[in-house]
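Q: Chains as they are written, first to last, in my numbering: chain A, 4 to 500; chain B, 76 to 324. Even glycine gets a Cβ: it sits at the ideal position worked out from N, Cα and C.
#1: Would you mind sorting residue 27 (chain A) into buried or exposed? The rule is 16 or more other CB atoms within 10 Å of its CB.
#2: What residues match up with residue 145 (chain A) in a beta bridge as DSSP calls it?
#3: Tell whether a beta-carbon distance below 7 Å holds between residue 392 (chain A) and residue 222 (chain B).
#4: Give the residues from the region 151-163 of chain A that approach chain B closer than 9 Å (Cβ to any Cβ), ordered along the chain.
#5: Counting contacts by CB-CB distance shorter than 7 Å, is residue 139 (chain B) in contact with chain A?
#6: Verify the CB distance criterion: does residue 491 (chain A) have a CB-CB separation below 7 Å to chain B?
#7: Over what stretch of residues does the beta strand (DSSP E) that includes residue 241 (chain B) continue unbroken?
#8: Run through the region 380-440 of chain A for me and flag every whole alpha helix (DSSP H) of 4 or more residues, listed as ranges in chain order.
#9: For the region 312-324 of chain B and the region 279-288 of chain B, state whether three or more C-beta atom pairs, one from each stretch, are separated by less than 8 Å.
#10: Whole angstroms are fine: how far does the CA of residue 136 (chain B) sit from the CA of residue 111 (chain B)?
#11: With a 10 Å radius around its C-beta and 16 neighbouring C-beta atoms as the bar for buried, classify residue 414 (chain A) as buried or exposed.
#12: Taking 7 Å as the threshold (beta carbon to beta carbon), is residue 496 (chain A) in contact with chain B?
#13: Which same chain residues, not among the five before or five after residue 149 (chain B), have their C-beta less than 7 Å away from its C-beta?
#14: May I ask which residues mark the beginning and end of the beta strand (DSSP E) holding residue 361 (chain A)?
#15: Which stretch, first to last residue, makes up the beta strand (DSSP E) that contains residue 200 (chain B)?
#16: Give me the DSSP bridge partner(s) of residue 141 (chain B).
#17: With a cut-off of 8 Å on the beta carbons, I'd call residue 115 (chain A) and residue 179 (chain A) a contact; round off their distance for me.
#18: In terms of DSSP beta bridges, what is residue 159 (chain B) paired with?
#19: Measuring CA to CA, which of A:251, A:74, A:299 is closest to residue 449 (chain A)?
#20: Counting contacts by CB-CB distance shorter than 7 Å, is residue 146 (chain A) in contact with chain B?
#21: At 7 Å on the CB atoms, spell out the chain A contacts of residue 217 (chain B), in chain order.
#22: Verify whether the separation of the beta carbon atoms of residue 301 (chain B) and residue 214 (chain B) is less than 7 Å.
#23: Relative to the C-alpha of residue 306 (chain A), which candidate in A:53, A:408, A:141 has its C-alpha closest?
#24: Check whether the Cβ atoms of residue 66 (chain B) and residue 217 (chain A) sit closer than 7 Å, and answer yes or no.
#25: On the DSSP bridge list, what partners appear for residue 3 (chain A)?
#26: If we define contact as Cβ-Cβ less than 7 Å, is residue 183 (chain A) a contact residue for chain B?
#27: On a CA-only basis, which of A:314, A:319, A:194 is nearest residue 501 (chain A)? Give me that one, please.
#28: Tell me where the beta strand (DSSP E) around residue 8 (chain A) begins and ends.
#29: For residue 287 (chain A), would you say it is in contact with chain B, using Cβ-to-Cβ distances shorter than 7 Å as the test?
#30: Compare the C-beta of residue 196 (chain A) against all C-beta atoms of chain B and say whether one is closer than 7 Å.
#31: Within 7 Å of any Cβ in chain B, is that where the Cβ of residue 94 (chain A) sits?
#32: Under 7 Å, do residue 290 (chain A) and residue 272 (chain A) count as touching if we go by C-beta distance?
#33: Checking the sheet assignment: what are the DSSP bridge partners for residue 161 (chain A)?
#34: Please list, in chain order, the residues of the region 261-290 of chain A that have any C-beta partner in chain B closer than 8 Å.
#35: Give the range of the alpha helix (DSSP H) segment to which residue 29 (chain A) is assigned.
#36: So what's residue 76 (chain A) in DSSP terms, helix, strand or just coil?
Rendered as C-alpha cells:
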C-alpha cells in the first residue's frame with residue numbers, strides 16, 4: 004500500500020515521490036484524515052495527457068505542523084465527498100467548473116465564479132449570476148436580491164436573501180464578477196507579470212500573497228531569503244494586518260452608527276498604510292517583495308523614526324478603540340449577532356480570524372510557522388463566534404501586531420536583502436502558506452519538466468469563509484447583514500481570482 | 076459622552092490643508108517619472124525589456140512611457156538613470172494620448188468646459204463601480220471620505236445610486252463577468268455624465284492587460300473624461316485629478 008506524502012510549510016517534493024492512490028483509497032484516506040482533525044487547505048486538479056487529471060488534496064494538521072498530500076488520477080468524473088465533508092463542496096465545484104469534470108453525487112453543483120472551462124476556450128462563456136439558487140419556499144417567504152453593484156465603494160458580488168419577514172432564512176452568495184483568470188495566467192510562468200498579478204490577487208493582502216509566492220519560488224530554487232529580508236517581510240505583513248484590522252473596526256463602528264471611532268480609524272488606517280509606504284513607496288506594499296528577498300531596506304535612523312510614528316499611532320488607536328469597546332450601544336448592537344458556532348466553522352473549514360473568533364485553533368504563525376514567525380507565541384481566540392467576538396479579536400490582534408512591529412523595528416537582524424535565485428527545479432510540487440490578515444493563504448505550485456509553472460493553485464481565506472458568512476446570517480435580521488459582512492470583511496477578488 | 080468629547084479633543088483635527096498646502100509623501104513614493112533621454116545609450120532596450128506591462132517604447136532612440144500601463148514598479152530604472160521616479164503625485168490627465176510621457180511635460184488634466192463646470196463645479200456626485208479591481212484602488216478611493224481628505228468639503232460626494240450620480244468612477248480592467256453590470260450602471264446615470272478611470276487596470280488593464288477574461292480597461296467600452304494613473308493611484312493623485320477636473324486647482 005502506498006503511503007500518503009507528508010511535507011511541511013515552505014517545502015517541496017519531487018513529483019516522482021507522489022504516488023497516485025486508487026480513487027477509493029484517496030477518498031477514504033481523505034475522509035479519515037478529516038475525521039482525525041485535519042482540514043483541507045487546497046484541493047485542485049492538474050491536467051495530464053489525454054484527458055487525464057491529477058486530483059491533488061493538501062490537508063493541514065494543525066497539531067503536528069505537518070501537511071499531508073493525497074493524489075489520485077481521474078478522467079471525466081470523480082466521486083464527490085462533499086456530503087460527508089462539507090469543506091470540500093466548493094473545491095469540488097471549482098474543479099468541475101475549471102475542467103468540466105463531474106463530481107458524482109455532489110449535493111448542489113452550482114457555478115463558482117462563472118469561469119469558462121479551461122479545456123474549451125472557444126466555448127461560449129457562462130453568464131455571471133445566472134444559476135439556480137437554493138430557495139426557501141412558502142407563501143410568506145420573499146427574496147431580496149442585492150448586487151453585483153453595491154451601494155458603497157466595494158467590490159461586486161450578488162447576494163440573495165430568502166426572508167420570512169425580517170428574518171433571513173438563508174443567504175445565497177454568488178460571486179465571480181471579479182474573475183480575472185489569475186490561475187490560468189500564471190501557467191507557464193514565472194512571467195514578468197506574475198508577481199504583479201499575485202500582488203493584485205487580493206489587493207488588500209498584497210504582502211501576504213507576495214510572501215507566499217516568493218517563498219514558493221525560493222523553495223523551488225533551493226535558496227532561502229536572508230534573515231533580514233524575512234524580518235522586513237514580517238514587518239510589512241504585520242503592518243498590513245494592523246491597517247486592515249484598524250480599518251475594519253472603523254467600518255464596524257460606522258455600521259453600528261458610532262461615528263467617532265469610524266472617523267478616527269478611517270484616518271489612522273491611512274497613517275499605518277503610510278508606514279508601509281515609508282518602507283517601500285507604496286501604501287499597499289507593492290514592489291517590496293521579490294523572489295529571493297526584498298527590494299527595500301531600513302537604516303537605524305529610519306527604524307527609529309518609524310518607531311516614533313508607530314508610538315503616536317498606537318496611542319491614537321488605543322484611544323479610538325477604547326471609545327468603541329466601552330460604548331454600551333455599540334456592544335449591544337454586536338452582542339449575539341451573527342453567531343457562527345465552532346461546529347459549523349469546523350465543518351466548513353473556516354480559517355484565520357473568523358475561525359479564531361469561533362474558538363478554533365487556527366493561526367499558521369503558530370501551527371505552521373514561516374521563517375520569521377519563531378517569536379510568535381500567543382494565538383488570540385474568542386469563543387462565541389458573534390460579531391462582537393470578531394470585533395474583539397481584532398482589538399487583541401491589533402495589540403499583538405503593534406508589539407510585533409515594535410520588536411521587529413528594534414532589532415532587525417543584520418545581513419543581505421536578497422539572494423540570487425537560480426532556475427526552478429523541474430517536476431516538483433511546492434507549498435507555501437502564510438497567515439495573512441484575513442487568514443490562511445495557500446499557494447501550491449507544480450513545475451513542469453522545464454521548471455515552469457505547470458499549475459499554480461491559490462487559495463485565499465475568503466474561499467473558505469464566504470460560506471461562514473452565509474451561515475452566520477441564518478436566523479438574523481436582514482438589517483444585520485452589513486454588520487455581519489463587515490465583521491468577516493472577505494475579499495471578492497481573492498475568491499474570484 | 077464626556078469620554079467621547081475628551082477623545083475628540085485628544086484626536087484633534089485631522090483634515091489636511093490640501094490643496095492650500097502640498098502634502099508630504101514618503102520619500103520612496105514613486106510618482107511622475109522623469110525621463111532624461113539625452114543619456115540614453117544607443118540600441119539599449121533594457122527599460123522597455125524590463126517593463127512587465129510593455130509600457131515603454133523607444134521612439135527616436137528615447138523611451139516613451141505610457142503612464143496608463145505603468146505600474147510604477149521601477150523595473151525600468153537602468154544604470155544610466157534615464158528614467159527616474161519623482162515624488163510628484165500629480166498624474167491625472169483628460170485624454171488617453173496625454174499619458175504617453177516622452178520629452179514633453181505631462182499635460183495635467185484641464186477643467187471641464189464652462190457648461191459642465193457650471194453643472195458640476197460646486198456639486199459632483201459620483202457612483203463608484205469596481206469591475207475587477209483588486210480592492211487597492213477601491214480602498215484608496217474610499218479613503219477620500221475619511222477626515223484626512225474630507226472629499227465633501229470640495230462638493231464631491233460618493234452616492235449609492237447611479238440615478239443620483241453625475242459621474243461614474245470606475246476601477247478594474249472590466250472583467251467579462253462585470254461588463255454588463257458596468258454598462259447598465261452607466262446607462263442608468265442621467266445625462267450629461269462623466270467617466271473617471273482610476274488606476275492602471277481601469278486605464279489599460281494593469282497587471283491583467285493580457286487576460287482573456289478581462290477587457291484592457293474601460294476606454295474600450297465608454298468615453299473617459301479623466302484618467303488617473305497608478306497601481307493604485309495615491310489618494311492625493313485621485314483628489315488632485317478630481318479638483319483639476321472641476322477647475323479647483
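A: Inspection of the coordinates gives the following:
#1: As a first step, residue 27 (chain A) must be located in the first chain, where it is residue number 24. Exposure of residue 27 (chain A) is indicated by the presence of fewer than 16 other C-beta atoms within 10 angstroms of its C-beta.
#2: Translated into the one-based positions of the first chain, residue 145 (chain A) becomes position 142. Answer is A:166.
#3: As a position in the first chain, residue 392 (chain A) is number 389, starting the count at 1. As a position in the second chain, residue 222 (chain B) is number 147, starting the count at 1. No. Outside cutoff.
#4: 151, 152, 153, 154, 155, 156, 157, 158, 159
#5: Residue numbering aside, residue 139 (chain B) sits at position 64 when the second chain is read from its first letter. Not an interface residue.
#6: Mapped onto the first chain, residue 491 (chain A) falls at position 488. No - not a single Cβ of chain B is within 7 Å of the one on residue 491 (chain A).
#7: For the purposes of this step, residue 241 (chain B) is identified with residue 166 of the second chain, where counting begins at 1. Run containing residue 241 (chain B): none; DSSP gives neither H nor E here.
#8: Correct list: 390-413.
#9: The region 312-324 of chain B makes no contact with the region 279-288 of chain B, as fewer than three CB pairs between them are under 8 Å.
#10: Taking the second chain and counting its residues from 1, one reaches residue 111 (chain B) at position 36. Taking the second chain and counting its residues from 1, one reaches residue 136 (chain B) at position 61. Rounded to the nearest angstrom, the two C-alpha atoms are 12 Å apart.
#11: Stepping through the first chain from its first residue, residue 414 (chain A) is reached at position 411. Result: exposed.
#12: Taking the first chain and counting its residues from 1, the one referred to as residue 496 (chain A) is at position 493. Yes, contact with chain B.
#13: As a position in the second chain, residue 149 (chain B) is number 74, starting the count at 1. Sequence-distant partners of residue 149 (chain B) (beyond 5 residues in either direction) whose C-beta falls short of 7 Å from its own C-beta, in its chain, are 105, 160.
#14: The residue labelled residue 361 (chain A) in the question sits at position 358 within the first chain. Run containing residue 361 (chain A): none; DSSP gives neither H nor E here.
#15: By 1-based counting over the second chain, the position of residue 200 (chain B) is 125. Its beta strand (DSSP E) spans residues 199-205.
#16: As a working mapping, residue 141 (chain B) is identified with position 66 in the second chain. Bridge partners of residue 141 (chain B): B:175.
#17: For the purposes of this step, residue 115 (chain A) is taken as residue 112 along the first chain, with counting starting at 1. For the purposes of this step, residue 179 (chain A) is taken as residue 176 along the first chain, with counting starting at 1. Between residue 179 (chain A) and residue 115 (chain A) the Cβ distance is about 7 Å, and since that is below 8 Å, they are a contact.
#18: Taking the first residue of the second chain as position 1, residue 159 (chain B) is located at position 84. Looking at the DSSP assignment, residue 159 (chain B) forms a beta bridge with B:109.
#19: The residue given as residue 449 (chain A) occupies position 446 in the first chain. Taking residue 449 (chain A) as reference, the option from A:251, A:74, A:299 with the minimal CA-CA separation is A:74.
#20: The residue you call residue 146 (chain A) lines up with position 143 of the first chain. It does not: the Cβ of residue 146 (chain A) has no partner Cβ on chain B nearer than 7 Å.
#21: Numbered from its first residue, the second chain carries residue 217 (chain B) at position 142. Chain A residues near residue 217 (chain B): 156.
#22: Your numbering for residue 301 (chain B) matches position 226 in the second chain. Your numbering for residue 214 (chain B) matches position 139 in the second chain. The answer is no: Cβ separation not under 7 Å.
#23: As a working mapping, residue 306 (chain A) is identified with position 303 in the first chain. Nearest option by C-alpha distance: A:408.
#24: Any property of residue 66 (chain B) remains undetermined from this structure, which presents chain B solely from 76 to 324.
#25: Beyond the ends of chain A as shown, which are 4 and 500, falls residue 3 (chain A); an answer cannot be given.
#26: Within the first chain, the letter at position 180 stands for residue 183 (chain A). Yes, residue 183 (chain A) lies at the interface with chain B (some Cβ there is under 7 Å from its Cβ).
#27: Absent from the model: residue 501 (chain A). The displayed extent of chain A is 4 to 500, so no value can be given.
#28: As a first step, residue 8 (chain A) is located in the first chain; it is residue number 5 there, counting from the start. Residues 8-10.
#29: Residue numbering aside, residue 287 (chain A) sits at position 284 when the first chain is read from its first letter. At least one chain B Cβ lies under 7 Å of residue 287 (chain A).
#30: Here residue 196 (chain A) is taken as the residue at index 193 of the first chain, counted from 1. It does; some Cβ of chain B falls within 7 Å.
#31: Residue 94 (chain A) sits at position 91 when you count from the first residue of the first chain. Output row for residue 94 (chain A): interface = no.
#32: As a working mapping, residue 290 (chain A) is identified with position 287 in the first chain. As a working mapping, residue 272 (chain A) is identified with position 269 in the first chain. In this structure, residue 272 (chain A) does not lie closer than 7 Å to residue 290 (chain A) by Cβ.
#33: In the first chain, the residue the question calls residue 161 (chain A) occupies position 158. Partner(s): A:177.
#34: 263, 266, 267, 269, 270, 272, 273, 277, 280, 281, 282, 283, 284, 285, 286, 287, 289, 290
#35: Against the first chain, residue 29 (chain A) aligns to sequence position 26. Looking at the DSSP string, the run of the alpha helix (DSSP H) that includes residue 29 (chain A) is 26-38.
#36: The sequence position of residue 76 (chain A) within the first chain is 73, counting from 1. Note: residue 76 (chain A) maps to strand in three-state DSSP.
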